[in-house]
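A.B. asks: Shown below is the structure under consideration.
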Amino acid sequence: MSKSATLLIIAGLFLSGGVYSFWKQKQSRSLIAVLAIGAVLCLASGVMRL
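Taking the numbering used here, the leading residue of the sequence shown gets 40, the next gets one more, and so forth.
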């Protein structure tokens, strides 16, 4: 497992936690959508680097 893959997966999980937190705080949907897209892209690129 490469270092970049690990960092991307960790960043994706961190952003996913932010999505969950913002959802619970009733933040704006557009902010949650942008954060969710970033989380999915980080997780996908991290998994593809494995």
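A virtual CB, placed ideally from N, CA and C, is assigned to each residue, including glycine.
Keep in mind that this is a model prediction, so the values were computed, not measured.
Let me confirm a value: I48 is counted as buried when at least 16 other C-beta atoms fall within 10 Å, else exposed. Which label applies?
C.D. replies: Stepping through the sequence shown from its first residue, residue 48 is reached at position 9. So I48 counts as buried.
A.B. asks: Roughly how many angstroms separate the alpha carbons of L80 and L74, rounded to a whole number?
C.D. replies: Indexing the sequence shown from 1 puts residue 80 at position 41. Indexing the sequence shown from 1 puts residue 74 at position 35. Rounded to the nearest angstrom, the two C-alpha atoms are 10 Å apart.
A.B. asks: Tell me which residues share the same chain as L82 and place their Cβ nearer than 8 Å to its Cβ, disregarding the 5 neighbours each side in the sequence.
C.D. replies: Here residue 82 corresponds to residue number 43 of the sequence shown, with the count starting at 1. Once the five neighbours on either side are set aside, the close Cβ partners of L82 are L47, I48, G51, L52, S55.
A.B. asks: Exposed or buried, what is A72 when buried is set at 16 or more other beta-carbons lying within 10 Å of its beta-carbon?
C.D. replies: What you label residue 72 is simply residue 33 of the sequence shown in a count that begins at 1. Exposed: under 16 other Cβ atoms inside 10 Å.
A.B. asks: For the alpha helix (DSSP H) that K42 lies in, which residues bound it at each end?
C.D. replies: For the purposes of this step, residue 42 is taken as the residue at position 3 of the sequence shown. Its alpha helix (DSSP H) spans residues 42-63.
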